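Enquirer: Residues in the sequence shown are numbered from 1 upward in steps of one, following the UniProt record's numbering.
Starting off with a structure, shown below.
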Amino acid sequence: MTLVFIARLASSRATRRITQQLLTHQSNSSSSISSTKTNGLKSINSSISRSIHGGGNNNKSTINRRQGSKYNKLREFNIALASGVLLIASYVSLSNHYLSDSGDNLIRSFSNQTNSRRLNNDHTNSNNTNSNKQNIYLLNDEEITKKLRNLEESYFVQRGQGVLRYDISQLPSNNPIEDDRSESIITVPFKENEDSDFYFWGIYDGHSGYYTSGKLKDELINYVVNELSSIYKVDPKNENLRLRSTDEIIDDAIKRGFLKLDHEIVEKSLFNLVKNPNVKDNVINALPASSGSCGILTFYDSFNKNLKVAVTGDSRALLGSLNDSNEWTVKSLSIDQTGDNPDEIERILKEHPESESSTAIRNGRVLGSLQPTRAFGDFRYKLKEINGFKLDQLPDHLKLYFRSSPRNLLTPPYVTAEPEITTHVINPSKNDFMVLGSDGLFELLSNEEIIGLVVKWLEKNPINNSSITNGTNIKLTDSKDKSEQSKWSNYFKDDKKLPKVLDISPDSIKQSQRPPFRNIKNNEQHEYFLEDSNVSTHLIRNALSLGGSKEYVSTLVSIPSPTSRKYRDDLTVTVVFFGNQLDNNNINGNVEINGPATRNGDVTTNSPKL
Numbered sequence: 001m002t003l004v005f006i007a008r009l010a011s012s013r014a015t016r017r018i019t020q021q022l023l024t025h026q027s028n029s030s031s032s033i034s035s036t037k038t039n040g041l042k043s044i045n046s047s048i049s050r051s052i053h054g055g056g057n058n059n060k061s062t063i064n065r066r067q068g069s070k071y072n073k074l075r076e077f078n079i080a081l082a083s084g085v086l087l088i089a090s091y092v093s094l095s096n097h098y099l100s101d102s103g104d105n106l107i108r109s110f111s112n113q114t115n116s117r118r119l120n121n122d123h124t125n126s127n128n129t130n131s132n133k134q135n136i137y138l139l140n141d142e143e144i145t146k147k148l149r150n151l152e153e154s155y156f157v158q159r160g161q162g163v164l165r166y167d168i169s170q171l172p173s174n175n176p177i178e179d180d181r182s183e184s185i186i187t188v189p190f191k192e193n194e195d196s197d198f199y200f201w202g203i204y205d206g207h208s209g210y211y212t213s214g215k216l217k218d219e220l221i222n223y224v225v226n227e228l229s230s231i232y233k234v235d236p237k238n239e240n241l242r243l244r245s246t247d248e249i250i251d252d253a254i255k256r257g258f259l260k261l262d263h264e265i266v267e268k269s270l271f272n273l274v275k276n277p278n279v280k281d282n283v284i285n286a287l288p289a290s291s292g293s294c295g296i297l298t299f300y301d302s303f304n305k306n307l308k309v310a311v312t313g314d315s316r317a318l319l320g321s322l323n324d325s326n327e328w329t330v331k332s333l334s335i336d337q338t339g340d341n342p343d344e345i346e347r348i349l350k351e352h353p354e355s356e357s358s359t360a361i362r363n364g365r366v367l368g369s370l371q372p373t374r375a376f377g378d379f380r381y382k383l384k385e386i387n388g389f390k391l392d393q394l395p396d397h398l399k400l401y402f403r404s405s406p407r408n409l410l411t412p413p414y415v416t417a418e419p420e421i422t423t424h425v426i427n428p429s430k431n432d433f434m435v436l437g438s439d440g441l442f443e444l445l446s447n448e449e450i451i452g453l454v455v456k457w458l459e460k461n462p463i464n465n466s467s468i469t470n471g472t473n474i475k476l477t478d479s480k481d482k483s484e485q486s487k488w489s490n491y492f493k494d495d496k497k498l499p500k501v502l503d504i505s506p507d508s509i510k511q512s513q514r515p516p517f518r519n520i521k522n523n524e525q526h527e528y529f530l531e532d533s534n535v536s537t538h539l540i541r542n543a544l545s546l547g548g549s550k551e552y553v554s555t556l557v558s559i560p561s562p563t564s565r566k567y568r569d570d571l572t573v574t575v576v577f578f579g580n581q582l583d584n585n586n587i588n589g590n591v592e593i594n595g596p597a598t599r600n601g602d603v604t605t606n607s608p609k610l
């Protein structure tokens with residue numbers, strides 16, 4: 001049996017910009033596809049240990065490989081083969097500055113400036129002087145589309161394991177973007193001549209900087225995989241096979257992976273920093289503790305069709321499905337962990353003295369400041385001191401990065417990285433699909449709208465009951481498939497309306513979720529854009545449109561950072577299509593780039609193959 005680990009490792013952004021800020025200049029470097037072979041679980045685990053747990057020079061080299069121009073090339077696959085073994089392997093909330101429900105003020109400004117194609121952004125209350133204004137030039141349609149598609153990727157999964165395709169797209173508001181993401185596929189032998197694919201998709205919504213989300217992108221999946229390797233035991237009858245484990249044990253392993261990584265991010269890095277605060281590498285390695293990040297990681301086992309969703313923070317996962325009555329449904333697969341969630345409030349209050357009942361959670365925020373109640377990093381809410389050294393006493397040259405403690409930090413920690421994990425059964429034969437998004441998406445669209453927009457996109461870009469052909473498109477293969485497509489068309493009777501979607505999420509989850517900030521009135525009168533080949537880009541474009549308004553999209557995309565942060569957050573979306581491929585001849589074990597739905601169609605690297 002051969003184990004294959006495909007890790008989506010990209011040049012992260014945490015980086016060279018950091019070292020430039022911290023006294024040195026690094027020369028540019030480039031990443032490349034690498035392939036390694038190892039034999040034996042011991043060798044693999046020690047290799048992972050070096051890349052994950054190692055400090056010093058290893059961490060330095062990781063930082064130095066990172067690129068400021070992170071997206072100059074497609075993220076490339078790192079492929080490792082092993083024989084007979086299992087695994088290798090300032091949170092700024094949108095507040096009073098946010099776009100009003102109707103968005104009329106912004107569009108009114110747009111309308112007044114259309115002749116000059118320029119918006120004036122006045123930063124002060126001073127008289128009209130050029131020094132107090134920033135000119136915002138509205139991009140044309142071609143420029144808007146180019147910007148929306150700049151960070152999109154799409155992949156065909158030709159493995160016959162219940163996953164057909166996944167699309168990813170990002171639109172920055174912060175500069176650099178504070179969101180990040182990662183994906184991996186691992187093949188695990190459980191029976192003779194019968195393998196299972198483990199699929200991982202993650203989104204990391206950073207705040208107060210990009211350092212933590214970059215760390216999660218590089219290492220969270222590896223940490224979880226390393227823990228899973230300890231619970232899928234070797235079959236005593238065949239050392240090349242693995243024994244399955246229970247849901248409870250799997251959940252515990254995922255939690256350990258999350259918490260061990262956060263321990264390295266916070267306690268371990270800060271211990272080294274306070275021990276030697278003038279060592280540059282110690283400062284760089286501690287930066288992920290200074291910022292923070294939510295994290296959502298999904299784990300799909302193709303053998304039993306179980307999808308596990310582990311969430312720390314307020315990113316969200318949705319499942320779109322057809323029920324037995326051929327009605328579209330949406331089910332929230334995750335629980336928002338914020339200061340608005342009654343269960344989270346109760347949990348935090350129980351962990352602290354009664355005397356802190358009015359300060360631990362205030363105005364829907366941890367200590368009146370941080371909105372998510374669970375996060376990676378964010379040392380300010382977790383520690384006051386390390387080995388007796390008060391973190392408020394760090395040298396002055398570090399206080400730019402390591403801010404002082406918030407008020408009323410009396411009995412930390414107040415924030416944890418421990419995830420809440422839910423398990424759901426996927427039905428590939430019914431062509432379920434999953435949407436992952438950072439909270440910026442859900443601030444603009446409801447769960448029902450998101451699923452409806454994907455369904456609308458599927459009308460124009462059919463995937464269901466279809467096979468992948470030549471790695472370039474998905475097409476129906478026979479008359480039976482065409483009749484299936486005709487059946488689908490019944491759900492799209494009115495092109496100007498989204499299909500009706502029923503929210504079947506548990507009430508406890510619904511109550512934990514904030515509604516979108518804006519409120520579309522007369523929704524049925526609005527059209528929805530259907531011009532993107534990448535479904536995640538399609539969701540982002542429509543999220544910015546407020547129900548089909550090109551003016552909204554033009555304005556919100558044109559506003560540069562940091563002004564844009566007053567009106568929208570970073571946006572990161574991953575959409576996964578489950579389904580069974582009909583033609584076994586097209587199942588070649590590859591994961592291939594879908595060129596038309598990837599970064600302006602400009603595929604600059606070879607298709608990654610197993």
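For glycine and all other residues, C-beta sits at the position ideal for the given N, C-alpha and C.
These numbers were taken from a predicted model, which means no experiment stands behind them.
Check whether the Cβ of residue 275 lies closer than 9 Å to any Cβ atom in chain B.
Expert: Annotation note: the requested chain B is absent from the structure, which comprises a single protein chain.
Enquirer: Can you name the start and end residues of the alpha helix (DSSP H) that residue 256 belongs to?
Expert: 247-263
Enquirer: Identify the residues that DSSP records as bridge partners of residue 158: which are they?
Expert: 590
Enquirer: Starting from residue 389, follow its DSSP beta bridges and name the residues at the other end.
Expert: 386
Enquirer: Taking 8 Å as the limit between beta carbons, can you name the residues of its chain near residue 379, skipping five residues before and five after?
Expert: 266, 270, 289, 290, 391 and 402
Enquirer: Is the Cβ-Cβ distance between residue 629 and residue 319 less than 9 Å?
Expert: Missing from the structure shown is residue 629; the chain here goes from 1 to 610 and no further.
Enquirer: Could you tell me which whole alpha helix (DSSP H) segments of length 4 or greater appear in the stretch 289-342?
Expert: none
Enquirer: Once DSSP output is grouped into helix, strand and coil, what is the label at residue 371?
Expert: coil
Enquirer: According to DSSP, simplified to helix, strand and coil, what is residue 225?
Expert: helix
Enquirer: Of the residues 504, 424 and 395, which one's Cα is nearest the Cα of residue 447?
Expert: 504
Enquirer: Of all the options 211, 274 and 370, which has the alpha carbon lying nearest to the alpha carbon of residue 389?
Expert: The residue with the shortest Cα to Cα distance from residue 389 is 274.
Enquirer: Let me know if residue 324 comes out buried or exposed under the rule of 16 or more other beta-carbons within 10 Å of its beta-carbon.
Expert: By the 10 Å Cβ count, residue 324 comes out exposed.
Enquirer: Buried or exposed: which applies to residue 24, given that a residue is buried once 16 or more other Cβ atoms fall within 10 Å of its Cβ?
Expert: The pLDDT assigned to residue 24 is 34, lower than 50, so where the model puts this residue is not dependable; a value taken from the coordinates is nonetheless given after this. Exposed is the call here.
Enquirer: Assuming contact is defined by CB atoms lying nearer than 9 Å, are residue 316 and residue 296 in contact in what I supplied?
Expert: yes
Enquirer: Grab the span of the alpha helix (DSSP H) containing residue 451 for me, first residue to last.
Expert: 447-460
Enquirer: Given a cut-off of 9 Å on the beta-carbon distance, is the pair residue 450 and residue 577 in contact?
Expert: no
Enquirer: Who pairs with residue 598 in a beta bridge, going by DSSP?
Expert: The partner list for residue 598 (beta bridge, DSSP) is empty, contrary to what the question assumes.
Enquirer: Kindly indicate which three-state DSSP category residue 568 falls into: helix, strand or coil?
Expert: coil
Enquirer: CA-CA distance, residue 20 and residue 214?
Expert: For residue 20, the pLDDT reaches just 36, beneath the cut-off of 50, and the residue's location in the model is therefore unreliable, leaving the point undetermined.
Enquirer: Residue 354: buried (16+ other C-beta within 10 angstroms of its C-beta) or exposed?
Expert: exposed
Enquirer: Closest to residue 598 by CA distance: which of 136, 160, 170 and 163 is it?
Expert: 170
Enquirer: Taking the alpha-carbon of residue 569 as reference, which of 458, 443, 515 and 460 has the nearest alpha-carbon?
Expert: Comparing C-alpha distances from residue 569 to each of 458, 443, 515 and 460 shows the shortest one belongs to 443.
Enquirer: Would you identify the three-state DSSP class for residue 191, choosing helix, strand or coil?
Expert: strand
Enquirer: Please report how far the alpha carbon of residue 433 lies from the alpha carbon of residue 596, in whole angstroms.
Expert: In this structure, the straight-line span from the alpha carbon of residue 433 to that of residue 596 is close to 20 Å.
Enquirer: For residue 306, collect the residues of the same chain with a Cβ closer than 7 Å to its Cβ; drop the 5 residues on either side in sequence, then sort them by chain order.
Expert: For residue 306, where only same-chain residues beyond five positions count, the Cβ hits under 7 Å are 423 and 425.
Enquirer: If you draw a straight line from the alpha carbon of residue 377 to that of residue 497, how long is it in whole angstroms?
Expert: Near 42 Å, if we compare the C-alpha coordinates of residue 497 and residue 377.
Enquirer: On the CB-based measure, 16 or more other CB atoms within 10 Å of its CB, does residue 397 come out buried or exposed?
Expert: It counts as exposed.
Enquirer: What did DSSP end up calling residue 513 once you bin it into helix, strand or coil?
Expert: coil
Enquirer: Hey, quick one: how far does the alpha helix (DSSP H) through residue 427 stretch, first residue to last?
Expert: First-last for residue 427: undefined, no H or E at that position.
Enquirer: Assuming residue 375 and residue 417 make a contact with CB atoms under 8 Å, what is their CB distance in whole Å?
Expert: Taking a contact as a CB-CB distance under 8 Å, the pair residue 375 and residue 417 counts as one, their CB atoms being some 7 Å apart.
Enquirer: What do you get for residue 236, buried or exposed, if any count of 16 or more other CB atoms within 10 angstroms of its CB means buried?
Expert: Exposed, because fewer than 16 other Cβ atoms sit within 10 Å of the Cβ of residue 236.
Enquirer: Are the CB atoms of residue 173 and residue 303 within a distance shorter than 9 Å?
Expert: no
Enquirer: In its own chain, which residues sit with a C-beta less than 7 Å from the C-beta of residue 245, not counting the 5 before and 5 after it?
Expert: 231 and 232
Enquirer: Does the Cβ-Cβ distance between residue 534 and residue 152 come in under 9 Å?
Expert: yes
Enquirer: Hey, residue 204 and residue 217: beta-carbon distance below 9 Å or not?
Expert: yes
Enquirer: Start and end of the beta strand (DSSP E) containing residue 242?
Expert: 238-242
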